[in-house]
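Under the working numbering, the letters of the sequence shown match residues 716 to 969, in that order.
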Amino acid sequence: MNDGVRKKLKVIALLTVLIIVCVGYLFLECVTRSCKKEVEPIPTPIVTPVVEPTIEPTPEITQEPTPTPVVIDIDSDDSINKIVNKQRKIPDTYVPELVSIDKKNMLRPEAAEAYEEMVEAAKVDGINIVAVSGYRSYKYQRSLWFTYEEKYGRKYANRMDATPGASEHQLGLAVDLVGADGKCKLYNCFKNTSTSKWLVENSYKYGFILRYPDGKESVTGIMYSPWHYRYIGKEEALKVYESGLTLEEYYDVK
Numbered sequence: 716m717n718d719g720v721r722k723k724l725k726v727i728a729l730l731t732v733l734i735i736v737c738v739g740y741l742f743l744e745c746v747t748r749s750c751k752k753e754v755e756p757i758p759t760p761i762v763t764p765v766v767e768p769t770i771e772p773t774p775e776i777t778q779e780p781t782p783t784p785v786v787i788d789i790d791s792d793d794s795i796n797k798i799v800n801k802q803r804k805i806p807d808t809y810v811p812e813l814v815s816i817d818k819k820n821m822l823r824p825e826a827a828e829a830y831e832e833m834v835e836a837a838k839v840d841g842i843n844i845v846a847v848s849g850y851r852s853y854k855y856q857r858s859l860w861f862t863y864e865e866k867y868g869r870k871y872a873n874r875m876d877a878t879p880g881a882s883e884h885q886l887g888l889a890v891d892l893v894g895a896d897g898k899c900k901l902y903n904c905f906k907n908t909s910t911s912k913w914l915v916e917n918s919y920k921y922g923f924i925l926r927y928p929d930g931k932e933s934v935t936g937i938m939y940s941p942w943h944y945r946y947i948g949k950e951e952a953l954k955v956y957e958s959g960l961t962l963e964e965y966y967d968v969k
């Protein structure tokens, strides 16, 4: 083989080696770069927890207790609300606890206290109230009624005053009133006095009511008596006063 050919072969061999080296280098460089590429991590999906809605318990509705109706005792002899009339009598032996309201008259303690309060209030308004008659025993009422019967006859006596056992005076809860001047004492003309007018407008504030009002004789059995006041307590007196009814009508009894 001549020198020219040898040189050519050497050149070719050298070029071949260079080409192989270059290709190998490029291959390695490519592989290396591919490996070095950062693999983007697949993001883990964030799972938002499902919040279950809080169910508030239904509040228990507390029922307001139904108020127990106050039962007014209109039957017991010792009750301040006892209704007395010719059909609803008191035993002849009944005697209540009593205290004096002046030198000659007595009432039940609660009625006496209310009476004194009323008298003092009236004085502030320039009215002087005087008691004509308070408590009456069965025996005294019997004597009084027979006096009326003898003087006026049974029919009229029945209208003007209660028969024995049917008088509120025996309860110690009724009082006949007049002004300090004594004008029209136990007569219908008392209704025209300043004392009567004050009583009509104010007595209920102290627990008293006009027991035998005008035009109600067919209900009460007693003629109009503008001087006769009955104690039933402040609360009931207000109710009866505002109703404009008699005790029989208000409590629906005969």
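For glycine and all other residues, C-beta sits at the position ideal for the given N, C-alpha and C.
Where does residue i sit, in a helix, a strand or coil, going by DSSP?
i      : result
LEU813 : coil
THR846 : A small fix is needed here, since residue 846 is Ala in this sequence, not Thr. Correct three-state label for ALA846: strand.
VAL893 : strand
ILE924 : strand
ASN800 : strand
TYR919 : helix
TYR956 : helix
TYR944 : strand
ASN820 : coil
With a threshold of 8 Å on Cβ separation, who are the neighbours of residue i within its own chain once the five nearest residues in sequence on each side are excluded?
i      : result
GLU932 : ARG874, MET938 and TYR939
TYR965 : LYS954, VAL955 and SER958
LYS900 : VAL847, VAL893 and TRP942
Please report whether the beta-carbon of residue i lies at a distance below 7 Å from any beta-carbon of chain D.
i      : result
ILE798 : Here there is only one protein chain, and chain D is not present.
How about residue i and residue j: do their beta carbons lie closer than 7 Å?
i      : j      : result
THR935 : TYR944 : no
VAL893 : VAL847 : yes
ALA836 : TYR946 : no
MET821 : GLY841 : no
ALA952 : TYR919 : yes
ASP788 : TYR809 : no
ARG851 : GLN885 : yes
With a cut-off of 8 Å on the beta carbons, I'd call residue i and residue j a contact; round off their distance for me.
i      : j      : result
GLY880 : ASP807 : 6 Å
SER815 : GLN856 : Going by Cβ atoms, the distance from SER815 to GLN856 rounds to 19 Å, so no, they are not a contact pair.
GLU864 : ALA872 : 4 Å
Ignore the nearest five residues each way along the sequence and tell me which others in residue i's own chain have a CB closer than 6 Å to its CB.
i      : result
LEU962 : ILE798
GLY948 : ILE795 and GLY922
LYS870 : none
ALA826 : LEU888 and TYR946
Could you name the residues of the same chain whose beta carbon sits closer than 7 Å to that of residue i, not counting the 5 residues immediately before and after it, in chain order?
i      : result
LEU898 : The sequence given here places Lys at residue 898; Leu does not occur at that position. Here the set comprises THR908.
LYS906 : PRO941
ALA895 : ASN843 and VAL845
PRO824 : GLU812 and VAL814
ASP929 : TYR939
PHE913 : In the sequence as presented, Phe is not what sits at residue 913; that position holds Trp. Excluding residues within five positions, the ones whose Cβ falls inside 7 Å are ALA837, ASP840 and ILE842.
LYS804 : GLY880 and ALA881
ask   = Which ranges does the alpha helix (DSSP H) cover as unbroken runs of at least 4 residues, wholly within the stretch 822-888, from first to last along the chain?
value = Along the length of the stretch 822-888, whole alpha helix (DSSP H) runs at least 4 residues long occupy 824-839, 853-867 and 869-875, reported in chain order.
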